[in-house]
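**Q** Sending over a structure as C-alpha cells; questions will come in a sec.
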Amino acid sequence: MKVGIIGVGNIGLELRGKLGLLDWDVEFVLKSDGVYKNEQKIDVLENYLSYCESVDVVFLAIPTSDDGKVASDYIYNIVNKNIPVVTCEKGALSNYYSRLEPYLDKIGYSASVGGGTRLLNYAETMMSEDVTSMHLIVNGTLNYIFEQMSKDESIGEAVKNAQRLGYVEPGATDILDIINGEACSDVPMKISILHNVCGLGKPIKAKDIKVKKISKIELEQLIDEAHLRRYVVSFRKNFLEEDGVIGGFVYKAGEWNICAGFKDISKNKIYMQLKSSEVNNAILITKGVYNADGIYKLKGPGAGAGPTTSSMIKDAMTFFK
Ligand SMILES: NC(=O)c1ccc[n+]([C@@H]2O[C@H](COP(=O)([O-])OP(=O)(O)OC[C@H]3O[C@@H](n4cnc5c(N)ncnc54)[C@H](OP(=O)(O)O)[C@@H]3O)[C@@H](O)[C@H]2O)c1
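According to this note's numbering, the sequence shown is numbered sequentially starting from -4.
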C-alpha cells in the first residue's frame, strides 16, 4: 500500500512508525513548508496534489489553526482525484460538512471524534427514530485532567502530564486557556461532526455554537469540585434546562437540544454512567419513552497518538476490503 501523510507532528510521526510496521510505503509527507520524502524536501507545498495521485490513501493530521478551511481544501482536492483521505482533524467536517458530504464514502473520519473509541461509528449504527437522548464525554483531555485532580493531583501537574502525554491540543500554554480551548473549540467541533455524520438534521457548524468561557473564579470552583464535575454534552429531543452547569453552551439544532458544560455528575444517574477513567471518552444513548427500549453505552480511549492512529489505520483498511 502506498500512502501520503499531511502533517508530521504527534499523530503523523506515530502514524509513520505504525505504517512502517505494516509495510505500507510512505511515498511523501507534507509539512507546512513543502513536500518531503525520506526527510529531504523535494518540492514546494503548492505541488502536493501531483504526489497524491501516486498513492492509495492520504492521511491528514494537521492542527485546526483556522476554522478547518485549510484541512477541508486538502480533503476536497484529494477526494476529487478519487483518492481516499483519512483524517483526525476536526475543523473540516465540523465547519465545511456540506462541501464534503458528497464525498463521505472516500473520507475516513472515525478518529476526528473520540480518538480510538470508534464512538462515531457506534453512534451512527445506533441511531434510529426511537433515540430519545444521547450523553457524551468527548474531550478526553478534560476528562484526564479532572480524573487526575480527583486523585489529589494539582491542576498544574494534571495539565503538565496531559501535555507530556500529547493529549493537549497544539497551541495554548496557560492553564485557563488550555481548559477553555478544549471546552470552547474542541467540543463544539466534535459535537457538530457527530450531529452531521449521524444525520440528526440539517448540518450544523461548530463556529455557530457560542460557548461560554470559564472565568478564573469558576476555575477555582471546578478545582474544588473536580471529583464531582465532568464536561458532559447532552442531546435531548425534549428541552431540559439544566441548573448549575459551569461554562458550556445550549444550542438548538432542529428537534435536538444540545446542552454542554461542566456538570455535577453525582446528581444524575445517567451522567454517573458516563464516568470514565484516564483520557477516556464515553457515549450513552437512551431509546424509547422512559428508556423502555434500553440504555446503550460505549467507552474507550479518547485521545493520544496510539489509539488515534490505530483508528485511522482501521479506517484506511476499510477502503481496500
Ligand atoms: N493528539 C491527539 O491525541 C489527537 C487525537 C485526535 C485528533 N487529533 C488531531 O490531530 C491533528 C494533529 O495533531 P498533532 O498533535 O499531531 O499536532 P502537531 O503535533 O502540532 O503536528 C501538526 C503537524 O502538522 C503540520 N502542519 C501544520 N499546518 C500544515 C499545513 N497547512 N500543511 C502541511 N502540514 C501542516 C505541522 O508542520 P510544521 O511543524 O511544519 O508547521 C506539524 O508537523 C489535530 O487536528 C488534532 O486535533 C489529535
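Glycine residues also receive a C-beta, built at the ideal position from the N, C-alpha and C atoms.
Quick caveat, the model's predicted, so the values are computed rather than measured.
#1: What does a CB cutoff of less than 7 Å around V154 pick up in its chain, not counting 5 residues either side in sequence?
#2: On a CA-only basis, which of K294, N191, I199 and V133 is nearest A178? Give me that one, please.
#3: How is L131 classed by DSSP in three states: helix, strand or coil?
#4: Rank G161, I253 and D18 by C-alpha distance to the C-alpha of L137 and give the top, closest one.
#5: Cβ atoms of K205 and F244: under 8 Å apart, would you say?
#6: Do three or more CB pairs link the stretch 75 to 88 to the stretch 243 to 263 at distances below 8 Å?
#7: CA-CA distance, T127 and V80?
#8: Under the DSSP definition of a beta bridge, which residues are partnered with G176?
#9: Between V284 and D125, what straight-line distance do the alpha-carbon atoms span, to the nearest angstrom?
#10: Can we count K294 as close to ligand 1, meaning its CB is less than 7 Å from some heavy atom?
#11: Can you name the residues that DSSP bridges to S229?
#12: Whole-angstrom Cβ separation of Y69 and I1, contact assumed at under 8 Å?
#13: Excluding the five sequence neighbours on either side, which residues of its own chain have a C-beta within less than 6 Å of the C-beta of V24, listed in chain order?
#14: With a 10 Å radius around its C-beta and 16 neighbouring C-beta atoms as the bar for buried, classify E9 as buried or exposed.
#15: So G111 and T303 are supposed to be a Cβ contact under 8 Å. How far apart are they, rounded?
#16: Using a threshold of 7 Å, is the CB atom of V65 nearer than that to any non-hydrogen atom of ligand 1?
#17: Restricting to Cα atoms, I'd like to know which of Q35, H190, K202 and A167 is closest to E96.
#18: Using a 10 Å radius around the Cβ and a threshold of 16 neighbouring Cβ atoms, would you call K146 buried or exposed?
#19: Hey, quick one: how far does the beta strand (DSSP E) through I290 stretch, first residue to last?
#20: Below 8 Å CB to CB, which residues in the same chain sit around G7 once its five sequence neighbours on both sides are set aside?
#21: Could you pull out every residue in the same chain whose Cβ sits closer than 6 Å to the Cβ of D62, ignoring the five residues on either side in sequence?
#22: Once the 5 residues before and after D20 are set aside, which same chain residues still bring their CB inside 6 Å of it?
#23: For I68, which three-state DSSP category applies?
#24: Which residues, in chain order, sit with a beta-carbon under 6 Å away from any heavy atom of ligand 1?
#25: Identify whether V274 lies in helix, strand or coil by the three-state DSSP scheme.
#26: Would you identify the three-state DSSP class for Y91, choosing helix, strand or coil?
**A** Put simply:
#1: On the sequence shown, residue 154 is found 159 positions in, with the first residue counted as 1. Once the five neighbours on either side are set aside, the close Cβ partners of V154 are I140, I170 and I173.
#2: Here the question's residue 178 lines up with position 183 in the sequence shown. Taking only the C-alpha atoms, the option nearest A178 is V133.
#3: Indexing the sequence shown from 1 puts residue 131 at position 136. Residue state, collapsed to three classes: strand.
#4: As a first step, residue 137 is located in the sequence shown; it is residue number 142 there, counting from the start. Comparing Cα positions, the closest option is G161.
#5: Walking along the sequence shown from the start, residue 244 turns up at place 249. Walking along the sequence shown from the start, residue 205 turns up at place 210. Contact: yes.
#6: no
#7: As a first step, residue 127 is located in the sequence shown; it is residue number 132 there, counting from the start. As a first step, residue 80 is located in the sequence shown; it is residue number 85 there, counting from the start. Using only the alpha carbons, I get a separation of about 33 Å.
#8: On the sequence shown, position 181 is the one that residue 176 refers to. Note: G176 sits in no beta bridge, so no partner.
#9: Position 289 of the sequence shown, counted from the start, is the residue given in the question as residue 284. Position 130 of the sequence shown, counted from the start, is the residue given in the question as residue 125. Cα to Cα, V284 sits roughly 8 Å from D125.
#10: Counting from one through the sequence shown, the residue named residue 294 turns up at place 299. Every heavy atom of ligand 1 is 7 Å or more from the Cβ of K294, so no.
#11: Here residue 229 refers to the residue found at position 234 of the sequence shown. Answer is H130 and C254.
#12: In the sequence shown, counting from the first residue as 1, residue 69 sits at position 74. In the sequence shown, counting from the first residue as 1, residue 1 sits at position 6. Between I1 and Y69 the Cβ distance is about 6 Å, and since that is below 8 Å, they are a contact.
#13: The residue you call residue 24 lines up with position 29 of the sequence shown. Closer than 6 Å at the Cβ level, and outside the excluded window around V24, lie I0, V3 and Y31.
#14: Residue 9 sits at position 14 when you count from the first residue of the sequence shown. So E9 counts as buried.
#15: One-based indexing of the sequence shown puts residue 111 at position 116. One-based indexing of the sequence shown puts residue 303 at position 308. Correct: roughly 6 Å between the Cβ atoms.
#16: As a working note, residue 65 is residue 70 in the sequence shown. Answer for V65: yes, Cβ within range of ligand 1.
#17: In the sequence shown, counting from the first residue as 1, residue 96 sits at position 101. Nearest C-alpha to E96: H190.
#18: As a working mapping, residue 146 is identified with position 151 in the sequence shown. Per the 10 Å Cβ criterion, exposed.
#19: Within the sequence shown, the letter at position 295 stands for residue 290. Taken as a continuous stretch (DSSP letters only), the beta strand (DSSP E) holding I290 covers I290 to P296.
#20: Position 12 of the sequence shown holds residue 7. Cβ neighbours of G7 beyond the five flanking positions: I0, I1, V24, F54 and A56.
#21: Position 67 of the sequence shown holds residue 62. Answer for D62: G86, N90 and K202, listed in chain order.
#22: As a position in the sequence shown, residue 20 is number 25, starting the count at 1. Within the same chain, D20 has close Cβ partners K(-3).
#23: One-based indexing of the sequence shown puts residue 68 at position 73. In the sequence on display, residue 68 carries Asp and not Ile. In this structure, D68 counts as helix in the three-state DSSP scheme.
#24: I1, G2, V3, G4, N5, I6, G7, L25, K26, S27, D28, A56, I57, P58, T59, V65, C83, E84, K85, A106, G110, G161, Y162, E164, P165, A298, G299, A300 and T303
#25: On the sequence shown, position 279 is the one that residue 274 refers to. Reduced to three states, the DSSP call for V274 is coil.
#26: Position 96 of the sequence shown holds residue 91. It is coil, neither helix nor strand.
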